[in-house]
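From first to last, the protein sequence lines are chains A and B. Going by the numbering used here, the residue at position 84 of the first sequence is 84; the numbering climbs one at a time, nothing skipped. Going by the numbering used here, the residue at position 18 of the second sequence is 18; the numbering climbs one at a time, nothing skipped. Report on the structure given below.
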Amino acid sequence: GENVEQHPSTLSVQEGDSAVIKCTYSDSASNYFPWYKQELGKGPQLIIDIRSNVGEKKDQRIAVTLNKTAKHFSLHITETQPEDSAVYFCAASQSTGNQFYFGTGTSLTVIP
Amino acid sequence: SAVISQKPSRDICQRGTSLTIQCQVDSQVTMMFWYRQQPGQSLTLIATANQGSEATYESGFVIDKFPISRPNLTFSTLTVSNMSPEDSSIYLCSGQGAVDTEAFFGQGTRLTVV
């Protein structure tokens, strides 16, 4: 089955700096890669996703890149703000199934 | 995206009892799932809730312990049966319109078994 690894597990950045979270996956059949943000006491919320036919996707301060050959994808947050502080999860799924395989999460702290 | 209402949001239960968690989606969804999230950890899929038929359970989870119902395309329940302290966790409901589309989540149920 699919194995998704996520690094780092914790990340602290100064407000205004950039944050990068990286994930690797094992199954080349995976073709959908969402990123979720989970705030304390809440369920995960989708912030951006990318499909395997695209190398990069951007939405304002958030961008995701995908390297299919190397089987890794990354989340980039620019101009970080304190409200970006949360736990971020990457995930991978395949067209042939409907299960999401989640990474282990990254706790991001943005220091004002 | 759809909105999922999950209740209760939290509960403290005695060991040996059962708790049923409800999940209501504000629109029809093709797929619904139940996850468990231990504090500070990632999400583990318990089962896929199938409309009108038995749920599909992942390895390590069984129907007797986690019976699931899904009577229609907008509602599902998960029961945690004969609870022990090891069942203390956050339980999350998720919905998805189609394969390879956004999965959205309820706010979770924080269960503590004493």
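Note that beta-carbon positions come from the ideal geometry of N, C-alpha and C, so glycine has one too.
Review point. What's the gap between the Cα of threonine 94 of chain A and the Cα of glycine 103 of chain A?
Key: Per the sequence presented here, residue 94 of chain A reads as glutamine, with threonine not at that position. Per the coordinates, the alpha-carbon of glutamine 94 of chain A lies some 15 angstroms from the alpha-carbon of glycine 103 of chain A.
Review point. Which partner residues of isoleucine 47 of chain A appear in the DSSP bridge assignment?
Key: Beta-bridge analysis with DSSP links isoleucine 47 of chain A to no other residue.
Practice item. Quick one: which unbroken beta strand (DSSP E) runs of 3-plus residues sit fully inside the stretch 60-105 of chain A? Chain order, please. Key: Counting only runs of at least 3 residues, the stretch 60-105 of chain A fully encloses the following beta strand (DSSP E) elements, listed from N- to C-terminal order: 62-67, 72-77 and 86-94.
Practice item. Using a threshold of 7 angstroms, state whether the C-beta atoms of cysteine 23 of chain B and cysteine 93 of chain B are closer than that. Key: Annotated as proximal: cysteine 23 of chain B and cysteine 93 of chain B, with beta-carbon spacing under 7 angstroms.
Check your understanding: Are the beta-carbon atoms of lysine 37 of chain A and serine 74 of chain A separated by less than 7 angstroms?
Key -> No, they are not a contact pair.
Practice item. Determine, using beta carbons only, whether lysine 42 of chain A comes closer than 7 angstroms to chain B. Key: Yes, lysine 42 of chain A counts as interfacial toward chain B.
Check your understanding: Is the CB-CB distance between isoleucine 68 of chain B and alanine 47 of chain B below 7 angstroms?
Key -> Taking 7 angstroms as the Cβ cut-off, isoleucine 68 of chain B and alanine 47 of chain B qualify as a contacting pair.
Exercise for review: Quick one: residues in its chain with C-beta nearer than 7 angstroms to the C-beta of threonine 30 of chain B, no 5 flanking neighbours on either side, listed in chain order?
Suggested key: Excluding positions up to five away in sequence, the list reads Gln96, Gly97 and Ala98.
**Study point:** Nearest residue (CA-CA) to proline 82 of chain A, options A:Ser26, A:Val4, A:Glu39 and A:Asp27
**Key:** Considering only alpha carbons, the answer is A:Glu39.
**Study point:** Beta-ladder partner(s) of glutamine 24 of chain B, from DSSP
**Key:** Beta-bridge pairing links glutamine 24 of chain B to B:Ser5 and B:Phe75.
Exercise for review: For the beta strand (DSSP E) containing glycine 95 of chain B, list its first residue and its last residue.
Suggested key: 89-96 is the extent of the beta strand (DSSP E) around glycine 95 of chain B.
**Study point:** According to DSSP, residues forming a beta bridge with threonine 24 of chain A
**Key:** A:Glu5 and A:His72, per the DSSP bridge assignment.
Exercise for review: For proline 44 of chain A, count neighbouring Cβ atoms within 10 angstroms of its own Cβ and tell me buried if that reaches 16, exposed if not.
Suggested key: Counting Cβ neighbours within 10 Å, proline 44 of chain A comes out buried, since at least 16 surround it.
Review point. For glycine 108 of chain B and chain A, any beta-carbon pair shorter than 7 angstroms?
Key: Using a CB distance cut-off of 7 angstroms, glycine 108 of chain B counts as an interface residue toward chain A.
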